[in-house]
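From first to last, the protein sequence lines stand for chains A and B.
Take the first sequence: its letters are residues 1363 to 1890, numbered as in the numbering used here.
Take the second sequence: its letters are residues 1180 to 2009, numbered as in the numbering used here.
We treat Cβ as the ideally placed atom computed from N, Cα and C, and that holds for glycine.
Report on the following structure.
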Amino acid sequence: MNVNDLQVKVYDGPTSTTEVSDATGALATARVDSFGTCFPGGLYTTARIRLAQRIDRARAVHENMRVAIYNGLALVWEGVTSEIGLNVNGDQQWLDVACVGQWGPQIRSRTINKAWADNRLSADVWIQQPQGDKDNQVNIDRMNRISIGPQAVAWSAGEIVAAFRYTMPTGQTIKRIVATLQNRESGQNWTTRIHDVIGGSTLASESGDGVSTATDTTLATPRQYVEFQFVSNANQTPTNAYGRMRSVMVYSETGNINPTEIVKDIRALLTGLNSDESLIGSNTFALEPFVTNGQESIETVLQRVAGFGDASFNPWAVQLLASTRATTPDGKPVLSFSAYPSLTDYDYVVTLAELEGSVEVKRAVDGAVYNWIAVRYRDELNNRQVVITPDDYATLKDTTSIALWGQRELIVDCDTGSATTALNFGRRVLGWRKDAKYKVTAPLRIRGTIRSKIGQRIPVCRVASGARVKIENFLADEVGVTDAGLTFVITATTYRPDTETLEMSTGVPDNLAVYLARLALVNNRVVA
Amino acid sequence: MTTYPTLKLTRGVFSIDLNDRSTFYLRTDFVPPETSTAVQIAAGSAMQMNGGRLIGRKPQTRTWTFSVRVVGTSEAGIVNALRGVKRLLALAGDENNPVTLQYKPNADTPEPAWGQFGALLNYEVLAGRMTIGSDYMRGDRRAKAVAATLELTIQPYAMGKRQRLCTATGGILEDTLATVDGRSRGLIVPEATTNKIINPIFGYSSYDNGWTAAAGVTSYPNMDANYVLFGSVSARLVCTSAAAFTVSLNAGNTNTHVLSFYVKKPDGSAVTNADVRPRYNASIPTDATYTAVGNGWYRVVKAFTGINSSVVCGVHLVSAGVTVYVTGFQFEEKTYVTPLAHGDLLGCAWSGMAHVSTSTRTAGVCKISTGVEFAANVPITLRIAFRTQEITATHDTYLFDLRDGSHTSAPYAYIASAGSRLSVVYNSHLVQSQVLTANTWYVAHVTISAAGTLNLYVNSLNNSGAIASGVAPFGAYLFIGSGYSGAAQCDTTIGGLAVWAYDLTADQVGADYTTIAPLLAAGQRVEGIPWLWTKDGDNLVDNCNDSTRDNWCVAGGIEGSAPAQTTISMQLSEYMPSASPIALSLLDVEQFNNTEIASLMVDLTGTADAGSCGGSYETVSVGTSIVGASEFIVGAFKPLAGRGFVLVTRIKNAGSNLLMRGVLTIANSGQSGDWKSVPNNAAYRLFYTTDLQMPDNTPPEFGLSNAAKLFYASINLKRSSGGAANVDVDFIQLLPRPLALLSPANPTTTAGIVVSGDRVYTLDQPLIGVATTPTEFLDYANLTGDVIEFVPGRMNVLTSFIGLNTSANPALADAIYYQNVSITPRWELV
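Set out below in structure tokens:
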């Protein structure tokens, strides 16, 4: 038994637990050419397996089957078969089985249209409903609000002056609405309200004269749509009447909207994921508003969620971990959401002497260090692009770094947000980019085994991205973290069984929202 | 070597003899090939100053080219012979019916039905081609003799004879005592005994606990492996004036006792009574027996009359300037010496705390079933190599016995206490050898023809001549090293046993002896006798490990130079849906050690419960904070060095949302596995953690002692949510890699499963207790983890659990019956 011995298992569906019968014996002699992992995202990227068999014979392995590669009882790679090549070359014939990690079929190929917390007031969101001939006898404005002002014509009792409907995407429902309602009737009888037109009930209303009321309504029966209405309660001709709605937030969930809850919601929506949520960490940074850009890729949604980090400006990452990591394994991968590992600790240790081939460790300032951050975001309340800079918020710059390296400015974009969330985004970027750090310019290569922190020799086939490796030769704090020495986060691995060699790309990714099993990472793109 | 090599190309029952000396003649370019092995070396960078490190070896298919001369009297005859070979080669590569090249360097005997020496080496041919020599058209060679070259693509190993393992129990031993190269000399099936000396191998934490060095002798603990015979320590004694190193013991009666111990001098020279003498009470006799056992070690043996009170017993150093290493003391109530017994050996036990109490050994038994492995009737030949005892026992000691209570006329062989002759009795007819010399190797061939003609050859000499004994049926087992009642053990080393299903001729016996004789002269084993040891000798293992149950067994006597192809056929006490997955874990060790095996688990205590392992369990209140069950010291960490392992635990869980993980703690740092869920279960369930890894650099390599105490293992528990509730933890056991989990593809109501390499099948079988012939294939099954293959020359401790699933309630009495375990040795050269 060699420490890196591998066993390939194939199951009869993308998340199945039923092994296919190896009738041809091809799996028993399967040759794994390579497999890889990446962080963030992944965890598993691609694997390539070669099955020697007659290609015109029935085969046990087909596309879209779960593939698990084991080292002993440890699952070291998991994914699905994505394409199978039938090869004949000279006197050889074989099947080339290309596999991708579960991120591809379970995350990247799925989309979602959901508004977790929606404060938009634009005409395409709150859509005016036709009321008949009087539609042109109402004054409407959307100045950070929706304001309805009836013109001085006769309005009858019970007549709806104007109604604006908010509709959740099909399959989603409104579960909570927060809004401030203002009613002006000038001695007459008018009502400003949010109305459940399906159930025929008023969810929130204000009927006073000149009174503003902050409302927070959890719907007893969640609805796909509700309307903001201004209603005449009598036969009357207005002198100065209006109904207004501002500070609106429409929720499709009743709980707090934060990264953890969003990730859990996505987990619940995807039936291809294990129901285990124990690996979804607690990140309670209030992430409001947060909506998808229409029918949006779940991958990019998760990227954006992670990109905000947490309230302490730490970066977070989303991953799909092995199905065996579930507390109750069922063949489905487990969604993980956690802060980046701290560089004050490490998982593996190497010395420069143990590494194979060339090693170059390089520290750069240009293009690497940024200590003055501007954040661009879209403010849906006023429908404009907003940029905040250290001139607005001093915490968006680091004076120590500026003194050391000069002022180096970076503009980042956090898409839709608020000043609060944009500031958090910017401070998180600042925290990771303000120091000059060493990086390796080519993957670190090590054969056979790698030492764990406490001395065990771990088969290198078991090393996965997201772990930390420390190069023991360096005593100084080379990565800007006290006592860390030269410690890296492993951001991509490629394991090649024929030479029992592990290639590790290391460092902190440039784009903290690079989460997927991208070939760029698999191909050892340098990230630092 | 008196005969020509055997070389046959075979497929199934068909074969072509490529050296039949009639049509085919093997040419001199025939050289058995070495296994081609791809070696992976981690070389490191330019900063690596200590060379590379081996990280893996992979045997590979290889080519093998040799030529034969094909002789005939016509062109047609030669062509026909060539076509025959080509026809078989064309069928190569079929895994179900492989073409093999069978080789043996001689043709002394046919291949034995059970045994390795004289068996053919089998090279599996994946593909082959044959070309004719360039002189084909010269003269009339094409009609008389042509050279044909075979170029074969073969699998990596030369495979030996598939051989079923004997069923064994008691204190059986592989005789590796003081061997220079570590290879076993053979199997010892000893009788029961009690060693009344405490701390006999100085294995207690304070090495000389219980021992006293009188003035004039100073003792030191020695850990230099060159002077250690048992365990890891011996006593180094330095004499400045004649004095003794003794322990106090009470013989308990006045019967004859034999004191024995092992001694080595620093320079490995002969030990005599001028150096050391046995000491019992005031007696220091000069006439003890000093027998060289190898590598400079001597065993000193002397009989004394027991004293029914506490007196000193040990070794006396004769004069100033003597320095010796001593170990392996034994004081047993016998008139002759038996192999050393101490509580850490297989089939032995400490009567109390390890190393500070006396040791007992249960009688060894080793038997192989007849009727399947070889016919239980005549004709038959049995060949046994053995060494005579240093001191002949006062009773007949048995080398083999084919009798049972219903077949009392079957053949058996013993060394008679009177006259020291090998005696064979069959159907009430006795044949005897010449007088045998003490402490000397012999090989005996016992042949019985179909008509019942009995011959006994000892070193090819037939002392009694042929005896017409008639025919009598055999029993169900061939007992090796004892009588069929499990008594009258031979107590000495058996260097091999083989069985043929026909009677060898005198010439064949003579040729066989000629080939074997050099091995006997060198005191080397002829062939291994493979055995599978279980506590009760019934091939049954339980589902936990306590004072009355074992979930482990041991395989030894494995031949080969690479892990043997191992086939394990099991019958279970539960049907598959409850029994699977089945965990098989293999730990191969140089020396078996009861204490080390016991240290791989903790049997938790606290609440008495007859349904718990060891009669009790520990209750842990578990809430959302992490709590641990009692941890245990991994005492066997050196054999575990570099290995991965999982922890198996038996748990009752009164609450919900329970999570569990394994923890390995090394001093103040630790390694944790992943959390796994444990369902709410009022009844016991077996769970296993994700795997952890032992470091591969072990402190004792640097001469550090007691470092084992730094390694702790246990489980952590917590609830992901909800209130606290109790968890009852019965035990935690460590299962090292290689570790296989076997599960049927479709769990069905069957209790039979067989694993061979990475192939697993279920058999259509009922539960244990219902005898069946396990041949009926039912379904394919799966193996997750490692291949389980016994390692040659090692003690292979095979530990198992059944019912590692979340719904079964595996009883402690659940069992695996190893109904048929066989090995096929793999050789890397010849």
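Going by DSSP in three states, residue i sits in which element: helix, strand or coil?
| i | result |
| --- | --- |
| Ala1890 (chain A) | With a pLDDT of only 26 at Ala1890 (chain A), under 50, the local geometry of the prediction cannot be trusted, and no value is derived from it. |
| Phe1653 (chain B) | coil |
| Arg1807 (chain A) | strand |
| Arg1470 (chain A) | helix |
| Ala1875 (chain A) | Low local confidence applies: a pLDDT of 35 at Ala1875 (chain A) is under 50, so the model's placement there is unreliable, with the coordinate-based value given in what follows. If DSSP states are grouped into helix, strand and coil, Ala1875 (chain A) belongs with coil. |
| Thr1372 (chain B) | strand |
| Glu1274 (chain B) | coil |
| Asn1433 (chain A) | strand |
| Arg1608 (chain A) | strand |
| Ala1887 (chain B) | Summary for Ala1887 (chain B): the model assigns pLDDT 49, below 50, so the residue's position carries little reliability, and this model does not support an answer. |
| Ser1824 (chain B) | Position check: residue 1824 (chain B) holds Phe in this sequence, whereas Ser was assumed. Here Phe1824 (chain B) sits in strand by DSSP. |
| Thr1746 (chain B) | strand |
| Gly1936 (chain B) | coil |
From this set, the options, which residue's C-alpha is nearest residue i's C-alpha?
| i | options | result |
| --- | --- | --- |
| Thr1654 (chain A) | A:Arg1666, A:Ser1609 and A:Glu1834 | A:Arg1666 |
| Glu1569 (chain B) | B:Ala1542, B:Ser1804 and B:Thr1514 | B:Thr1514 |
| Gly1902 (chain B) | B:Leu1837, B:Pro1874 and B:Val1857 | B:Leu1837 |
| Asp1558 (chain A) | A:Asn1551, A:Ala1566 and A:Arg1412 | A:Ala1566 |
| Asp1853 (chain B) | A:Ala1436, A:Cys1400 and A:Ala1430 | A:Ala1436 |
| Leu1699 (chain B) | B:Val2000, B:Trp1620, B:Asn1772 and B:Pro1945 | B:Trp1620 |
| Ile1820 (chain A) | A:Gly1434, A:Thr1386 and A:Phe1699 | A:Gly1434 |
| Val1603 (chain B) | B:Leu1578, B:Gly1526, B:Gly1584 and B:Ala1298 | B:Leu1578 |
| Asn1961 (chain B) | B:Val1806, B:Gly1982 and B:Val1934 | B:Val1934 |
Which partner residues of residue i appear in the DSSP bridge assignment?
| i | result |
| --- | --- |
| Pro1512 (chain A) | A:Val1500 |
| Asp1958 (chain B) | B:Thr1941 |
| His1495 (chain B) | B:Ala1423 and B:Arg1456 |
| Lys1801 (chain A) | A:Lys1724 |
| Met1363 (chain A) | DSSP output for Met1363 (chain A) lists no bridge partner at all. |
| Pro1821 (chain A) | A:Thr1811 |
| Val1218 (chain B) | B:Arg1236 |
| Trp1552 (chain A) | A:Ser1594 |
| Leu1864 (chain A) | A:Ile1808 and A:Tyr1857 |
| Ser1489 (chain B) | B:Asn1429 |
Looking at the C-beta of residue i, does it have a partner C-beta in chain A at a distance below 9 Å?
| i | result |
| --- | --- |
| Asn1718 (chain B) | no |
| Ile2002 (chain B) | no |
| Ala1887 (chain B) | Interpretation of Ala1887 (chain B) is limited by its pLDDT of 49, a score under 50 that renders its predicted location unreliable; the figure taken from the coordinates is listed afterwards. False, the Cβ-Cβ gap to chain A never drops below 9 Å. |
| Glu1769 (chain B) | no |
| Arg1308 (chain B) | no |
| Gln1227 (chain B) | yes |
With a threshold of 9 Å between beta carbons, is residue i in contact with chain B?
| i | result |
| --- | --- |
| Asn1645 (chain A) | no |
| Lys1694 (chain A) | no |
| Ser1640 (chain A) | yes |
| Tyr1857 (chain A) | no |
| Asp1367 (chain A) | yes |
| Met1363 (chain A) | yes |
*Please determine if the segment 1482-1500 of chain B and the segment 1445-1461 of chain B are in contact, where contact requires at least 3 C-beta pairs separated by less than 8 Å.*
These segments touch.
*Residues of the segment 1797-1813 of chain A with a CB closer than 8 Å to any CB of chain D: list them in chain order, please.*
Although the question refers to chain D, the structure presented lacks it and instead comprises the protein chains A and B.
*Would you call the segment 1586-1595 of chain A and the segment 1499-1517 of chain A in contact, with 3 or more CB pairs under 8 Å?*
The segment 1586-1595 of chain A makes contact with the segment 1499-1517 of chain A; the number of CB pairs closer than 8 Å reaches 3 or more.
*So does the segment 1795-1806 of chain A actually touch the segment 1665-1680 of chain A, counting three or more Cβ pairs closer than 8 Å?*
No contact exists between the segment 1795-1806 of chain A and the segment 1665-1680 of chain A.
_Can you confirm whether the segment 1455-1469 of chain A touches the segment 1401-1410 of chain A when touching is taken to mean that 3 or more C-beta pairs between the two stretches lie within less than 8 Å?_
The segment 1401-1410 of chain A is in contact with the segment 1455-1469 of chain A.
_Counting beta carbon pairs with one atom in the segment 1195-1209 of chain B and one in the segment 1288-1299 of chain B, are three or more of them shorter than 8 Å?_
Contact fails: fewer than three Cβ-Cβ distances are below 8 Å.
*asked:* Quick test of the definition: if touching needs 3 or more C-beta pairs under 8 Å, does the segment 1503-1511 of chain B touch the segment 1404-1420 of chain B?
replied: With a cut-off of 8 Å, the segment 1404-1420 of chain B and the segment 1503-1511 of chain B count as touching, because enough Cβ pairs lie within range.
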